[in-house]
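Residue numbers (my numbering): 736 to 1009.
Where a beta carbon is used, it is the ideal one built from N, C-alpha and C, also for glycine.
Okay, structure first, notes after.
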Ligand SMILES: C[S@@+](CC[C@H](N)C(=O)[O-])C[C@H]1O[C@@H](n2cnc3c(N)ncnc32)[C@H](O)[C@@H]1O
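As structure tokens, this is what we get:
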């Protein structure tokens, strides 16, 4: 991330979520605000049309299903009684503005530059900001998250559900561990969904080629991938931190669950519960 600029990968992900609304049928993730929140940036979707259609469809579907998975897991957490949702690195995620769960407070945490820009996009698109949305500008690498969330009103005596989508690969291990440690300090019933990149050494040649192509694109946007995990090592860390219930989905499991045909690039989705 550049300090004074909104995240360029946040724009790229939002463009693909919007393209999913227009190009894919049936939709795996229905987001009527995905296009409006882009405003003038929507014009960039035309440029994306020139990209390799098969590879781009698979990436687009992965990004769409990642949001769907988070919102499915959130709905289950809400059914179990959770009333706080924290989006870490919210980007242009629109959940807060179409929240179907009465009484659910939504905390949008993001890098200050991205969050400032998002709020101007929301205003320009005349999207209504519900009362239960709280903005928390934080740089994960430099500022303590717990203090920022508590001053914003997160109740650490009550469970919370966290979504951390498209952020972990860009972090240092220190920022990853301190954020996960904070989530682990929340009450039982709390949980987190995040995606991560599997250890490159464990990928097939085809997966590695697809991963390298994506890594090259995000690096060119100034936000290189820095963090990958070996699956067993990550699960041990999660268990040690107090997350006994872990669901970890690779392309095959995602395809089976959501009836998709993603091709793998080593991107995985995890849901872990305290
Ligand atoms: C690829 S985008 C994903 C955005 C959103 N979660 C989504 O799925 O559309 C990465 C997000 O992580 C945020 N981010 C990256 N590094 C960060 C940092 N050090 N502190 C706070 N946010 C950060 C960016 O501002 C951006 O919103």
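ask   = For residue 797 versus residue 989, is the C-beta spacing smaller than 9 Å?
value = yes
message = If the criterion is Cβ atoms closer than 9 Å, does the pair residue 844 and residue 873 meet it?
response = yes
key: Collapsed DSSP secondary structure at residue 982 in the structure displayed   = strand
request  = Please confirm whether any heavy atom of ligand 1 lies closer than 8 Å to the CB of residue 747.
outcome  = yes
Residue 766 CB to nearest heavy atom of ligand 1 below 8 Å = no
ask   = Is residue 753 near ligand 1, with its Cβ less than 8 Å from a heavy atom?
value = no
key: Given residue 966 as reference, the closest of 977, 993, 946, 934 once Cα atoms are compared   = 934
query = How many Å lie between residue 889 and residue 819 at the Cα?
reply = 8 Å
ask   = Does the beta-carbon of residue 760 have 16 or more other beta-carbons within 10 angstroms, so that it is buried, or is it exposed?
value = exposed
ask   = Taking the beta strand (DSSP E) that residue 843 falls in, what are its first and last residues?
value = 840 to 845
task = Just the C-alpha distance for residue 952 and residue 825, rounded to the nearest angstrom, thanks.
result = 21 Å
message = Under 8 Å: do the region 835 to 851 and the region 765 to 783 share three or more Cβ pairs, one atom per stretch?
response = no
key: Outcome for residue 829 when other beta-carbon atoms lying within 10 angstroms are tallied against a minimum of 16   = buried
request  = Quick one: residues in its chain with C-beta nearer than 8 Å to the C-beta of residue 916, no 5 flanking neighbours on either side, listed in chain order?
outcome  = 976
ask   = Is the CB-CB distance between residue 926 and residue 810 below 9 Å?
value = no
key: Residue from 749, 808, 839 with nearest C-alpha to residue 783   = 749
inquiry  = Are there any heavy atoms of ligand 1 lying less than 8 Å away from the beta-carbon of residue 875, as far as the coordinates show?
reply    = yes
task = Would you mind reading off the limits of the alpha helix (DSSP H) that contains residue 967?
result = 966 to 976
request  = For chain C, find out if any of its Cβ atoms is closer than 9 Å to the Cβ of residue 912; answer yes or no.
outcome  = In summary, chain C is missing from the structure at hand, where a single protein chain is found.
task = Let me know the secondary structure DSSP gives residue 770 once reduced to three states.
result = coil
Contact set for residue 764: own chain, Cβ-Cβ below 6 Å, skip 5 residues either direction = 799, 802, 803
request  = Using only the heavy atoms of ligand 1, determine whether one of them is closer than 8 Å to the beta carbon of residue 741.
outcome  = yes
ask   = Considering only residues of the region 826 to 893, which uninterrupted beta strand (DSSP E) runs meet the minimum length of 3 residues and lie entirely inside it, listed in chain order?
value = 840 to 845, 868 to 872
message = For the pair the region 853 to 862 and the region 877 to 891, tell me if three or more CB-CB distances fall below 8 Å.
response = no
message = Are there any heavy atoms of ligand 1 lying less than 8 Å away from the beta-carbon of residue 905, as far as the coordinates show?
response = yes
message = Here's the rule: buried if 16 or more other CB atoms are within 10 angstroms of the residue's CB, otherwise exposed. What is residue 954?
response = exposed
request  = Let me know if residue 853 comes out buried or exposed under the rule of 16 or more other beta-carbons within 10 Å of its beta-carbon.
outcome  = buried
message = I'd like to confirm the pairing. Which residues does DSSP put opposite residue 822 in its beta bridges?
response = 843, 898
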